[in-house]
Each structure stands twice: as C-alpha cells, then as structure tokens.
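Participant: Structure incoming, see below.
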Amino acid sequence: MELGLSSFTYGWAVGVAGREPPRPLDEHGLLDRCHAHGVKLLQIGDNLPLHRFDSARLDRLAARAAAEGIRLEVGARGLVPDHAWEYLRIARRIGARLVRFVVDDAGCHPSPGQVIDVLRQIAPGLGDIVLGLENHDRFRADTLRRIVEGAACDSIGVCLDTANSLGAGEGI
Numbered sequence: 511m512e513l514g515l516s517s518f519t520y521g522w523a524v525g526v527a528g529r530e531p532p533r534p535l536d537e538h539g540l541l542d543r544c545h546a547h548g549v550k551l552l553q554i555g556d557n558l559p560l561h562r563f564d565s566a567r568l569d570r571l572a573a574r575a576a577a578e579g580i581r582l583e584v585g586a587r588g589l590v591p592d593h594a595w596e597y598l599r600i601a602r603r604i605g606a607r608l609v610r611f612v613v614d615d616a617g618c619h620p621s622p623g624q625v626i627d628v629l630r631q632i633a634p635g636l637g638d639i640v641l642g643l644e645n646h647d648r649f650r651a652d653t654l655r656r657i658v659e660g661a662a663c664d665s666i667g668v669c670l671d672t673a674n675s676l677g678a679g680e681g682i
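For the working numbering, add 510 to where a residue sits in the sequence shown, where the first one is 1.
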C-alpha cells in the first residue's frame, strides 16, 4: 500500500458537478499538494474529468508528474464501452497503471451482466493497466465478486471504499 492523494481528498476545493468553487483546484494545484505533503501518488477522479482535457493539457500533466516523480492514477464514472476505452487511452497517455471506475453515472445503471459484458470487451486492451471497480453503493460485495469472476481477467478487481460498503447496507 502506498500513501497518495486524490482529487476527492480536496473534493470541495476541486468541486463536483453543480458545486464548483469560484476558483477550483486543478491538476497542478493537486500536484502542488502532493509535493507539499511528500506523497508520490495522485489519483485524479471523476470530479476532475480527464476526458474533458485536451491533448496538450494531458501532456503537461504527465510531464510535470513525471518530472516530480509522482505516479498518476485515473478515475472515471459510467462504465460503458466507449468511455472505458477512452479512459484506457488517457491512462496510457499519462502513464497511469490504474483506472478506477464507478460503474454508475446519471442515466447509466447497468445490470451485473451488462457490467461483465463491458469488462469482457475491454479486458484484452488492458495490457499492463489494472481496472478497479469501486464499490459505490449499488452493488454489494457478493455481486462485485461475481462481476469480477465473470470478467475472468486478472487485471480487473475491486477498489474498496469502506464507507461505500455502508451505503450498500453492508458493514465495513
């Protein structure tokens, strides 16, 4: 285990949809915080959606993180094939080895079987990237286990947030 920061560590400073601060903390502000706290890992989650960055901005992020020895991870929301492929491309572009996905998004609530189908589609393209499905309220642990086993890929697992287990009606 390695200590790191996330864009959700500074959730109110970065903002979330519908609750953006007047001067939001951006990726460079997050890298500054990593430096200030002496951590070498930053996960940029879906509250700072990387798919909205242009190529030059992604390249600047990757270059600065590499120069400062900070590893990057990415997080996304809405597990559908096109979005999953997009985030695998982003991960490769910025050198991230982990893509964390919250399965659901507004208007996107796939069944466990649909999630397995998406994972099977993208599994061959993972290569050296690990995809972690976050336990984000709707799916209980036993369902997530069935999804991961159904995907049948060693590079797919669960990103466990113990507080989210409570939202699913389970204990920590």
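C-beta atoms are modelled at their ideal positions from N, C-alpha and C, and glycine is treated no differently.
Please determine if the segment 561-568 and the segment 523-534 are in contact, where contact requires at least 3 C-beta pairs separated by less than 8 Å.
Facilitator: Flag = no, the segment 561-568 and the segment 523-534 do not touch.
Participant: Compute the beta-carbon to beta-carbon distance between residue 668 and residue 654, rounded to the nearest angstrom, for a pair I have assumed lies under 8 Å.
Facilitator: That belief holds up - the Cβ atoms of residue 668 and residue 654 are roughly 5 Å apart, short of 8 Å.
Participant: To the nearest angstrom, how far is the alpha carbon of residue 600 from that of residue 593?
Facilitator: The straight-line gap from Cα to Cα measures roughly 10 Å.
Participant: Per DSSP, what kind of secondary structure is residue 488 in: helix, strand or coil?
Facilitator: For residue 488 there is no data in the structure shown, the boundaries of the chain being 511 and 682.
Participant: Measure the beta-carbon distance from residue 611 to residue 644 and round it to whole angstroms, keeping in mind my assumption that it falls under 8 Å.
Facilitator: With 8 Å as the limit, residue 611 and residue 644 qualify as a contact, their Cβ atoms being about 7 Å apart.
Participant: In whole angstroms, what separates the C-alpha of residue 554 from that of residue 596?
Facilitator: Distance between the alpha carbons of residue 554 and residue 596: 15 Å.
Participant: Take residue 541 and list the residues in its own chain whose beta-carbon comes closer than 7 Å to its own, dropping the five residues that flank it on each side.
Facilitator: Hits under 7 Å: 552, 574, 575, 578 and 580.
Participant: Taking the CB atoms as reference points, tell me whether residue 517 and residue 568 lie closer together than 7 Å.
Facilitator: Result no, Cβ atoms of residue 517 and residue 568 do not sit closer than 7 Å.
Participant: From the DSSP output, which residues share a beta bridge with residue 553?
Facilitator: Paired residues: 516 and 583.
Participant: Which residues in the same chain as residue 680 place their Cβ atom closer than 8 Å to its Cβ, once the five residues preceding and following it in sequence are excluded?
Facilitator: Result list for residue 680: 650 and 651, in chain order.
Participant: Which runs of the beta strand (DSSP E), 3 residues or longer, sit entirely within the segment 572-654?
Facilitator: Runs of the beta strand (DSSP E) inside the segment 572-654: 581-587, 608-612 and 640-644.
Participant: On the criterion of 16 or more Cβ atoms from any shown chain inside 10 Å, does residue 638 qualify as buried, or is it exposed?
Facilitator: Exposed, because fewer than 16 other Cβ atoms sit within 10 Å of the Cβ of residue 638.
Participant: In angstroms with no decimal places, state the Cα-to-Cα distance between residue 534 and residue 523.
Facilitator: Between residue 534 and residue 523, the C-alpha separation is close to 6 Å.
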